[in-house]
Amino acid sequence: MTDLIRQKAEELCRLIGDIEDDDQKIDTLNQVRKQLHEVSPLKHHPVDFVEWVKSETVEANDYNPNHVAAPEERLLLKSISEDGYTMSIVTSKEEEIRRIVDGFHRRQIERSYKKISTSTFGRVPVTTIRSGKDGLADRIASTIRHNRARGEHAIDGMVNIVKILKIDCDMSDEWIIRNIGMDPDELLKLSQMTGLAALFKGKEFSASWEAEE
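If you count by the UniProt record's numbering, then the sequence shown holds residues 1 to 213, one letter each, in order.
If you want it as structure tokens, here you go:
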């Protein structure tokens, strides 16, 4: 770091430190981080820019098949209480709100427990998925990849995911296999479980699984 940059950084810290209103200070820090992110060689990674936004502007998606049982929720509360937020909530921007891709329960903890909300000034840490990946199919695929990477997915919910991707998003079997990490047999089984023969008719992924008429 050059002496000039160090000097300017110290000056900036003093200016921000002098801001008395907490919301204004947080918003200012968000803007500074955003501008630094724009010149970062790591800006193609969403985690390079974590932003603290008002919790009420962060909304759930309507497709995530996962649910957290009471013991896991208590553990998450304990984790955030003791360690603070160590993971951001992954979101996509939709006009005035952010739609959750991953991290609904981290958002829910802030909304449900006053001590957490007080500690974050009613905000939650978010990152924004890459530009061009904010369509419904891409968001669903990203959510499922996050879940599966942690070993989390509910079979009933996955049936609905396949239904949405194939009918609502008109995604091909090849796209689903490539982007969600399913193998052909699993996709065929889930397609069969929807009860809609049109989802798997003519799809011969495996000799061991054949669509029943």
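Note that CB positions come from ideal geometry on N, CA and C, so glycine has one too. No experiment lies behind these values; they were computed from the predicted model shown.
Anticipated Cβ contact below 8 angstroms, residue i with residue j, distance rounded
i, j, result
"Phe-121", "Asp-21", "Between Asp-21 and Phe-121 the Cβ distance is about 11 angstroms, and since that is not below 8 angstroms, they are no contact."
"Thr-91", "Thr-128", "6 angstroms"
"Ala-141", "Phe-104", "Not really, about 17 angstroms apart at Cβ, beyond 8 angstroms."
"Arg-33", "Phe-49", "6 angstroms"
Residues near residue i by beta carbon distance below 8 angstroms, same chain, minus five either side
i, result
"Arg-130", "His-44, Pro-46"
"Asp-183", "Ile-177"
"Asp-168", "Leu-136"
"Arg-139", "Asn-61, Ser-92, Arg-99, Val-101, Ile-129, Lys-133"
"Thr-57", "Glu-96, Ile-97, Arg-98"
Per-residue burial, residue i [other beta carbons within 10 Å of its own, 16 or more giving buried]
i, result
"Ile-80", "buried"
"Ser-40", "exposed"
"Phe-200", "Note that Phe-200 has pLDDT 49, beneath the 50 cutoff, so the model's placement of it is unreliable and the number below is only indicative. Result: buried."
"Arg-6", "exposed"
"Thr-143", "buried"
"Arg-107", "buried"
"Ser-55", "buried"
Reduced DSSP secondary structure (H/G/I, E/B, other) of residue i
i, result
"Trp-39", "A small fix is needed here, since residue 39 is Val in this sequence, not Trp. Correct three-state label for Val-39: coil."
"Val-50", "coil"
"Thr-86", "coil"
"Ala-197", "Summary for Ala-197: the model assigns pLDDT 45, below 50, so the residue's position carries little reliability, and this model does not support an answer."
"Glu-11", "helix"
"Ile-129", "coil"
"Val-172", "The question names Val, but residue 172 in the sequence shown is Ser. Three-state result, Ser-172: coil."
"Thr-2", "coil"
"Ile-177", "helix"
"Glu-186", "helix"
"Ile-97", "strand"
"Thr-91", "strand"
Own chain residues within Cβ distance below 7 angstroms of residue i, not counting five before or after
i, result
"Glu-210", "With a pLDDT of only 41 at Glu-210, under 50, the local geometry of the prediction cannot be trusted, and no value is derived from it."
Same chain, Cβ closer than 6 angstroms to residue i, five either side skipped, listed in chain order
i, result
"Ser-88", "Val-50, Pro-125, Val-126, Thr-127"
"Ile-26", "Trp-52"
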